[in-house]
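A.B. asks: Please read through the structure below; I'll follow up with questions.
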Amino acid sequence: MLIRKLFCIAAVAVFGMSAVWAQETTAPTMPEMDHSQMDHSKMDHGPTSASTPQMDHDMGEMDHGSMQGGTAPPDARDPHAYSGGYTLPPERPLRMADEHNFASLLMDRLERVRSRDNSYTEYDLQAWFGRTYDRAVLKAEGEVDDGKLQDAHTQLLWGHAISAYWDTQLGVRHDSGQEPSRTWLAFGVQGLAPYWFEMDITGYIGESGRTALGLEAEYELLLTQKLILQPRIEANIYGKRDAERELGSGLSDLTAGVRLRYEIRREIAPYIGIERSGKFGGTADFARAEGKQTKETRVVAGLRFWF
Amino acid sequence: MKRIPKPLYGQLNRPRRRFIQGLAAGGVLLGVSPWLRPAWAQVTDTATGSAPVLSGTEFDLTIAETPVNFTGSPRLATTINGSIPAPTLRWREGDTVTLRVTNRLPVDSSIHWHGILLPYQMDGVPGISFKGIAPGETFTYRFKVQQTGTYWYHSHSGMQEQTGMYGAIVIVPARGEPIRADRDYIVQLSDWTDEDPMRVFAKLKMQSDYYNFNQPTAVDFFRDAASDGVSAAMAKRRMWQQMRMNPTDLADISGYTYTYLMNGITPAGNWTGLFRPGEKIRLRFINSGAMTFFDVRIPGLKMTVVQADGQNVDPVTVDEIRLGVAETYDVIVQPKDDAYTIFAQSMDRSGFARGTLAVRAGMTAAVPATDAPEPLTMGDMMGDMGGDMGGMDHSAHGGMAMDHSQHAMGGMAMGAVRVRHAKTEYGPSVDMRVDTPRTNLDDPGIGLRNNDRRVLTYADLHTIGGAHDKRSAGRDIELHLTGNMERYSWSFDGLEFGRSTPVHFRHGEQLRVILVNDTMMTHPMHMHGMWSELESPDGKFQVRKHVINVQPAQRVSFLVSADALGRWAWHCHLLLHMDAGMFREIVVT
Chain A
0 MLIRKLFCIA
10 AVAVFGMSAV
20 WAQETTAPTM
30 PEMDHSQMDH
40 SKMDHGPTSA
50 STPQMDHDMG
60 EMDHGSMQGG
70 TAPPDARDPH
80 AYSGGYTLPP
90 ERPLRMADEH
100 NFASLLMDRL
110 ERVRSRDNSY
120 TEYDLQAWFG
130 RTYDRAVLKA
140 EGEVDDGKLQ
150 DAHTQLLWGH
160 AISAYWDTQL
170 GVRHDSGQEP
180 SRTWLAFGVQ
190 GLAPYWFEMD
200 ITGYIGESGR
210 TALGLEAEYE
220 LLLTQKLILQ
230 PRIEANIYGK
240 RDAERELGSG
250 LSDLTAGVRL
260 RYEIRREIAP
270 YIGIERSGKF
280 GGTADFARAE
290 GKQTKETRVV
300 AGLRFWF
Chain B
0 MKRIPKPLYG
10 QLNRPRRRFI
20 QGLAAGGVLL
30 GVSPWLRPAW
40 AQVTDTATGS
50 APVLSGTEFD
60 LTIAETPVNF
70 TGSPRLATTI
80 NGSIPAPTLR
90 WREGDTVTLR
100 VTNRLPVDSS
110 IHWHGILLPY
120 QMDGVPGISF
130 KGIAPGETFT
140 YRFKVQQTGT
150 YWYHSHSGMQ
160 EQTGMYGAIV
170 IVPARGEPIR
180 ADRDYIVQLS
190 DWTDEDPMRV
200 FAKLKMQSDY
210 YNFNQPTAVD
220 FFRDAASDGV
230 SAAMAKRRMW
240 QQMRMNPTDL
250 ADISGYTYTY
260 LMNGITPAGN
270 WTGLFRPGEK
280 IRLRFINSGA
290 MTFFDVRIPG
300 LKMTVVQADG
310 QNVDPVTVDE
320 IRLGVAETYD
330 VIVQPKDDAY
340 TIFAQSMDRS
350 GFARGTLAVR
360 AGMTAAVPAT
370 DAPEPLTMGD
380 MMGDMGGDMG
390 GMDHSAHGGM
400 AMDHSQHAMG
410 GMAMGAVRVR
420 HAKTEYGPSV
430 DMRVDTPRTN
440 LDDPGIGLRN
450 NDRRVLTYAD
460 LHTIGGAHDK
470 RSAGRDIELH
480 LTGNMERYSW
490 SFDGLEFGRS
500 TPVHFRHGEQ
510 LRVILVNDTM
520 MTHPMHMHGM
530 WSELESPDGK
540 FQVRKHVINV
550 QPAQRVSFLV
560 SADALGRWAW
570 HCHLLLHMDA
580 GMFREIVVT
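Chains as they are written, first to last, in numbering that gives the first Met the number 0: chain A, 0 to 306; chain B, 0 to 588.
Structural data, given as structure tokens:
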């Protein structure tokens, strides 16, 4: 029952995400603005005497679409129009932070996981190096049990900003662990959806016609300035059965949970959490065949940190 | 609407209180461990408090690292002649001054004479005016002083301004000072962090709200829901949430890391200026903060503003002044009682600088609590939202005599102005655009709108003598102030410095610059080499400045006489915004 509910939530998240995505990338509508009709050379610079039509705004219900994203109207200003032909010399000594590289590593989850019949360690980190709009991104997620890496997904991606809040990511993923390894091409988007949902959706193409889709969404709810509740949902879908890795086709697994963290400093936050995870379809069949549970509740405790 | 959590100021544990209030001993460093000292150093601690005054026409300034301790943790500051603030330079109008600046740092340095008209090679911006001052080198600045008033100087290299390199400049008029005062004090405000400023920048790059501990929480939501109803509480948040904007994003860096200084002295150290009752005191306020807007008042005293950015203005009497970064205001006060607190709270209300005017050293007056931080409004995001925000008619106002306490959001009712966004504002570098900015100058800004104090606004300022150049503008240059808070990137027209091209002014032309703020932060915009003569909303000369604060969703216009040949910098004076790319080169040929 719970799993069905979670699945619904995931579906909603995905559809919501795609709607948002569409809105951000294809919303050129600039309500009430018709630049082609404006004669800019005659624009009145005494604002009070300018009798331009006023926007009819109803507070709270207004359309913010035109304030963010969209595409430039054909007569948008040329930002280099005032340069008089001057350019910055390519060998110029003055380089500001926009031309510096920065680097960061976020260990979003480093946790001890306890389910009814097992306990193990999980990690989930993301690191990047580069500038504001282009970065090398490393994502690594995996499970360590009995001192052995059980299952790990590691991705190396080129992150490229395509809008204010979204990056595309292109690269490779390598799955390792106890089962035979797999390598995939990865392409996805990561960013911040309206209402501050952090989203990460990546599609994969592997050898032998294998395909996969990974979805992740997080939200940060500030209970206080330092106590933060983080709901999180993650799902994996595979296009093809992969018996060696005990994966069926279709929705393979779905996990939803909440973590409550306390930020001792912004960079260091211990947390506790609970999540419900389920295996589905063929993947669930593999689990059942081994006598494992297909659905479980997990209690987690861990540390989130970054630098 | 939103209350600052009490513990921040009321119930601090001791280390935290010491951190905010600073050490009473100020910058004087006791028992610093030897490894902190640079190998070459003479073992002298940084002097703080009212800076030594150097006057004449020949000056020798030495840039070096010297130890300070503002919070209990010893640090190395970047100082000029070993003091914070740097020595006050007293020049005379008409003199030619020679300043030999020696760099004893291990890295390049520079000094920029802020607001001073001079040949561009003397302006001190590495990579634009000159190549900078290499370690061990001496650079000689020489120029004729052509103006009068209060100015300041600071490093234009890296983050050295943040780490202590700033001092005051007072230029005495050749024909006598028209402003009479019995005493004359410089009150230089600044912000200090024990962190490496580049590390601060890197943190903001990773989490742009890192220093904001005044964020809307679930607790606030339930409080609002309880008092105003759930739907009202939801409505209040909807737009911000949808747009991924934070209404409490008032300052990128807060008292979480900053200790705010007055003349290089912490609030606990309490800089004190002495007077005799009945005397007229001239206070020269200079905001030398790297990232902090200060709201200054002296409870119990009216301040008569007589000068702004070094230029004498028609006197206007107020209770409070917001100083944008790099602005200066000279005021006259006439204290009658024994002691008054000079209180300069940061715009985000996370801390304050404090000093005292007193008849005897050691006296103090009550220190007010910081105001509750006020979240940004719809108007700060959207600008002019049509006529239904209170139905004010600004054309009917007389300007000077306005009662600001009556205004919810001054000027919202004025005719909307359409703007022209640049092509490059539709990409990842820009997180919002304002289509109908507000143009009023009578808005004191967020946090000061309804505080029942008479707060100075640009509409109150009128430079004595009017415009320098009476010509009207031959052309307009429109540029937008842009940014992406989430990525912590700042720019003009969506182009950071590295992707920009210079702005070309034809030598001798008179032009109008239009700045539209497409962000939710106030940007103190500083054009080097030439004055910015701010226009009123109806296009009349208002005030001559070297820094113009452009409020969120505001459009300002100012005239520039392109009379200074050469290459100049033009940037937001918030240090990290400048470094992030809100910086342009101007070429005058």
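Even for Gly, the Cβ is constructed at its ideal location relative to N, Cα and C.
DSSP beta-bridge partners for I331(B)?
C.D. replies: Beta-bridge pairing links I331(B) to R281(B) and T303(B).
A.B. asks: For D219(B) and R566(B), I'd like the C-alpha separation in whole angstroms.
C.D. replies: Computed Cα separation, rounded: 50 Å.
A.B. asks: For G141(A), which of Q168(A), F128(A), D133(A) and D174(A) has the nearest alpha-carbon?
C.D. replies: Here the closest residue by C-alpha is D174(A).
A.B. asks: Any beta carbon from chain A within less than 8 Å of M121(B)'s own beta carbon?
C.D. replies: Cβ-Cβ to chain A under 8 Å: no for M121(B).
A.B. asks: For P73(B), which beta-bridge partners are listed by DSSP?
C.D. replies: BP columns for P73(B) are empty, so no partner.
A.B. asks: Tell me which residues of the stretch 123-142 of chain A have at least one Cβ-Cβ distance to chain B shorter than 7 Å, keeping chain order.
C.D. replies: Answer set for the stretch 123-142 of chain A: T131 and Y132.
A.B. asks: Please list the partners that R91(A) has in chain B, where partner means a Cβ-to-Cβ separation under 8 Å.
C.D. replies: Those within 8 Å of R91(A) in chain B are G126.
A.B. asks: Between the stretch 146-158 of chain A and chain B, which residues of the former have a C-beta closer than 9 Å to a C-beta of the latter?
C.D. replies: Going along the stretch 146-158 of chain A in chain order, one finds no residue with a Cβ nearer than 9 Å to chain B.
A.B. asks: Between L169(A), Q168(A) and Y203(A), which has its C-alpha nearest T182(A)'s C-alpha?
C.D. replies: The candidate whose alpha carbon is nearest that of T182(A) is Y203(A).
A.B. asks: What residues from chain B crowd round I307(A), counting only those whose CB sits closer than 9 Å?
C.D. replies: Within the shown structure, residues of chain A are numbered from 0 to 306, placing residue 307(A) beyond reach of any answer.
A.B. asks: Excluding five sequence neighbours on each side, which residues of the same chain lie with their C-beta closer than 7 Å to the C-beta of A46(B)?
C.D. replies: Contacts found: G81 and S82.
A.B. asks: Comparing the C-beta of M408(B) with each C-beta of chain A, is any distance below 8 Å?
C.D. replies: No answer about M408(B) holds up, because its pLDDT of 39 lies below 50 and its placement is not dependable.
A.B. asks: Quick one: which chain A residues come within Cβ less than 8 Å of V186(B)?
C.D. replies: Residues of chain A passing the Cβ test: none, with the nearest at roughly 31 Å.
A.B. asks: What residue from Y218(A), E206(A), G213(A) and R209(A) has the CA that sits closest to L191(A)'s CA?
C.D. replies: Per the Cα distances, Y218(A).
A.B. asks: So, helix, strand or coil for V229(B), using DSSP?
C.D. replies: V229(B): helix per DSSP, three-state reduction.
A.B. asks: Over the uninterrupted alpha helix (DSSP H) stretch that includes H576(B), give me the two end residues.
C.D. replies: From DSSP, the alpha helix (DSSP H) with H576(B) extends over L574 to A579.
A.B. asks: Taking just the CA atoms, how far does K278(A) sit from S248(A)?
C.D. replies: About 11 Å.
A.B. asks: W39(B) by DSSP, collapsed to three states: which one?
C.D. replies: In this predicted model, W39(B) has a pLDDT of only 44, less than 50, meaning its place in the structure is not dependable; the value taken from the coordinates is given anyway. Correct three-state label for W39(B): coil.
A.B. asks: Return the CA-CA distance between T78(B) and P196(B), expressed in angstroms with no decimal places.
C.D. replies: Rounded to whole angstroms, T78(B) to P196(B) spans 15 Å at the Cα level.
A.B. asks: Alpha carbons only, please: which of D122(B), Q550(B) and F540(B) is nearest the one belonging to I445(B)?
C.D. replies: Closest by alpha carbon: Q550(B).
A.B. asks: Should L75(B) go down as buried or exposed, given a rule of 16 or more other Cβ atoms within 10 Å for buried?
C.D. replies: So L75(B) counts as buried.
A.B. asks: For T460(B), which option in F69(B), H153(B), R419(B) and D313(B) has the closest C-alpha, if you only look at C-alpha atoms?
C.D. replies: The amino acid at residue 460(B) is misidentified as Thr; the sequence shows Leu. Of the listed residues, the one whose Cα sits closest to L460(B) is D313(B).
A.B. asks: Is L228(A) helix, strand or coil when you go by DSSP?
C.D. replies: L228(A): strand per DSSP, three-state reduction.
A.B. asks: Output the distance between the C-alpha atoms of T293(A) and L302(A), rounded to the nearest integer angstrom.
C.D. replies: For T293(A) and L302(A), the distance between alpha carbons rounds to 27 Å.
A.B. asks: Using a cut-off of 7 Å between C-beta atoms, extract the partners of S103(A) located in chain B.
C.D. replies: Within 7 Å Cβ-Cβ: M205.
A.B. asks: Skipping 5 residues on each side, what residues in its chain have a beta carbon closer than 7 Å to that of Q67(A)?
C.D. replies: Contacts found: A163.
A.B. asks: Which same chain residues end up closer than 7 Å to I547(B) when comparing Cβ atoms and leaving out the 5 residues on each side of it in sequence?
C.D. replies: Cβ neighbours of I547(B) beyond the five flanking positions: M524, S531, L533, V555 and F557.
A.B. asks: Nearest by alpha-carbon distance to A250(B): which of F221(B), S207(B) and T316(B) is it?
C.D. replies: Of the candidates F221(B), S207(B) and T316(B), the one whose C-alpha sits nearest the C-alpha of A250(B) is S207(B).
A.B. asks: When you check each C-beta in the stretch 478-505 of chain B against every C-beta of chain A, which residues fall closer than 9 Å?
C.D. replies: Within the stretch 478-505 of chain B, the residues whose Cβ lies closer than 9 Å to some Cβ of chain A are L478, H479, N483, E485, R486, Y487, S488, W489, S490, F491, D492, G493, L494, E495, F496, G497, R498, S499, T500, P501, V502, H503, F504 and R505, listed in chain order.
A.B. asks: In the DSSP assignment, what residue or residues form a beta bridge with S175(A)?
C.D. replies: DSSP output for S175(A) lists A151(A) as bridge partner(s).
A.B. asks: Along chain B, which residues have their Cβ under 8 Å away from the Cβ of P230(A)?
C.D. replies: Ordered by position in chain B, no residue passes the 8 Å Cβ test against P230(A), which lies about 12 Å from the chain.
A.B. asks: Which partner residues of H99(A) appear in the DSSP bridge assignment?
C.D. replies: In the DSSP output, where bridge partners are listed per residue, H99(A) has none listed.
A.B. asks: Give a yes or no on whether the C-beta atoms belonging to I280(B) and P334(B) are separated by under 8 Å.
C.D. replies: Taking 8 Å as the Cβ cut-off, I280(B) and P334(B) qualify as a contacting pair.
A.B. asks: So what does DSSP say about L590(B), is it helix, strand or coil?
C.D. replies: Past the boundaries of the shown model lies residue 590(B); chain B is included only from 0 to 588, so the question cannot be answered.
A.B. asks: Within 10 Å of its beta-carbon, does N213(B) have 16 or more other beta-carbons around it, so buried, or fewer, so exposed?
C.D. replies: With 16 or more Cβ atoms within 10 Å of its Cβ, N213(B) is classed as buried.
A.B. asks: Would D337(B) count as contacting chain A if we go by Cβ distances under 8 Å?
C.D. replies: It does not: the Cβ of D337(B) has no partner Cβ on chain A nearer than 8 Å.
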